[in-house]
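2 protein chains.
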Amino acid sequence: MNLLDIGVLAERSGVPASTLRYYEEIGLIESVARRGLRRQFDRQALTQLALIALGKTAGFSLEEIKGMFGKDGSPDLPRTALHQRADKLDLQIRELTTLRNALRHVADCQATSHMECPKFLRLLRLASPPQRERAPRPGRVKR
Amino acid sequence: MNLLDIGVLAERSGVPASTLRYYEEIGLIESVARRGLRRQFDRQALTQLALIALGKTAGFSLEEIKGMFGKDGSPDLPRTALHQRADKLDLQIRELTTLRNALRHVADCQATSHMECPKFLRLLRLASPPQRERAPRPGRVKR
DNA sequence: GCTTGACCTCAAGTTGACTTGAAGTGGCAG
DNA sequence: CTGCCACTTCAAGTCAACTTGAGGTCAAGC
């Protein structure tokens, strides 16, 4: 059969075994068998972990990721919710693009103080549309 | 003069006063004066906070953000380092785009199990170029 | 059959980013 | 002059996401 020993999965995925155990503990992934004491995972786990990694870079908490995909790794939400997530990602992509542009700009711009460089300031202003209201508590990203 | 009382800055930026004090404590921002006990900030702080928020959504730690911009908020790194950061952002933007596409796809796809939908799997495979080596420890995100 | 080494469990520790609470201070409205 | 209340300090608490450590197990190679 092609079950993966936890050690193999750890190596292939780059995720430490201790983390895999932790993920299983919180119900984010599942092992399908044991050989002796050792957990065995199926190959889908590899894909699931890729998905989890992706979710993490997007700043979702493990709890959110868990809510997004069923234990088998298949997405698990109503269409509208999925599109809402995607919309949030679109926003975040725009923000990251802004930051990247700002970084590239200052790397090349000759102004003595960037805090006074109009181009730089304009780039930043694009990023944060005037927020008058207090933002909802973020979940830390974070990272 | 146009100094901002901490309360005002908190309101305008959406960042709680306690957090502003914390940011000052770790040297991420600086207050320029006191009125009585109350901290006063200058208007640049507003821009700096926007930058910090941006850095956070990008998954940088406060420590990294601190290293990226001087106390005045001006970027502070050699050109090459800035471009390296920008390159990492480019990668992250691609990953987020992949995740977004995957989400949009599954929102619309009719396959019973997405873990078997070739389109979905292909999308994911794009995300994670074969990583044989153990990834360096991330700084947490996110989150 | 024995050793070895990678796994196991469970509890406790760590880190980053804040928040909360208690006790105090000071500008300003009345 | 007196309150009030938003601020102050400092210590401690919290939360997510792991990691570490102690003590134990077991399959495989010698």
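Line by line, the protein sequences are chains A and B. Numbered per the UniProt record's numbering, the first sequence finishes at 143, counting up by one with no gaps. Numbered per the UniProt record's numbering, the second sequence finishes at 143, counting up by one with no gaps. We put the beta carbon where it would ideally sit given N, CA and C, even for glycine. Remember, predicted model here, so these are calculated numbers, not experimental data.
TODO: Select from the segment 83-114 of chain B all residues with a C-beta closer than 7 Å to any C-beta belonging to chain A, and list them in chain order.
DONE: H83, R85, A86, L89, D90, Q92, I93, E95, L96, T97, T98, L99, R100, L103, R104, V106, A107, S113, H114
Task: Contact set for A:E63: own chain, Cβ-Cβ below 7 Å, skip 5 residues either direction - done: The residue labelled residue 63 of chain A in the question sits at position 63 within the first sequence. Nothing meets the Cβ criterion.
TODO: Rounded to whole angstroms, what's the CA-CA distance from B:M115 to A:R34? Just pull it up for me.
DONE: Within the second sequence, numbered from 1, the residue matching residue 115 of chain B stands at position 115. Within the first sequence, numbered from 1, the residue matching residue 34 of chain A stands at position 34. Cα-Cα distance, rounded: 23 Å.
TODO: Check whether the Cβ of B:Q44 lies closer than 9 Å to any Cβ atom in chain A.
DONE: Counting from 1 along the second sequence, the entry for residue 44 of chain B is found at position 44. By this cut-off, B:Q44 is an interface position.
Open item on the list: If contacts are defined as beta-carbon pairs under 8 Å, then A:D76 and A:R38 qualify, I think. What distance do you get, rounded to the angstrom?
Closed with: The residue given as residue 76 of chain A occupies position 76 in the first sequence. The residue given as residue 38 of chain A occupies position 38 in the first sequence. Rounded, the Cβ-Cβ distance is 29 Å, inconsistent with contact.
Task: Sequence-distant residues of its chain with Cβ nearer than 7 Å to A:C117 (five each side left out) - done: In the first sequence, residue 117 of chain A corresponds to position 117, counting from 1. The answer, listed in chain order, is C109, A111.
- [ ] Indicate whether at least one CB of chain A lies closer than 9 Å to the CB of B:L51.
- [x] Translated into positions along the second sequence, residue 51 of chain B becomes position 51. Output row for B:L51: interface = yes.
Task: Sequence ranges, alpha helix (DSSP H) only - wholly within the segment 40-125 of chain A, length at least 4 - done: 44-57, 62-68, 79-108
- [ ] Check each candidate in A:R94, A:H83, A:P16, A:T80 and name the one with the smallest Cα separation from B:L54.
- [x] Along the second sequence, read from residue 1 onward, the residue named residue 54 of chain B stands at position 54. Checking every option, the nearest Cα to that of B:L54 belongs to A:R94.
TODO: Verify the CB distance criterion: does A:G59 have a CB-CB separation below 9 Å to chain B?
DONE: The residue given as residue 59 of chain A occupies position 59 in the first sequence. It does: the Cβ of A:G59 has a partner Cβ on chain B nearer than 9 Å.
Task: Cα-Cα separation, A:E24 to B:A107 - done: Taking the first residue of the first sequence as 1, we reach residue 24 of chain A at position 24. Taking the first residue of the second sequence as 1, we reach residue 107 of chain B at position 107. Spanning the two alpha carbons is a distance of roughly 26 Å.
Open item on the list: Distance check for A:K66 and B:R104, CA to CA, integer angstroms please.
Closed with: The residue you call residue 104 of chain B lines up with position 104 of the second sequence. The residue you call residue 66 of chain A lines up with position 66 of the first sequence. Computed Cα separation, rounded: 18 Å.
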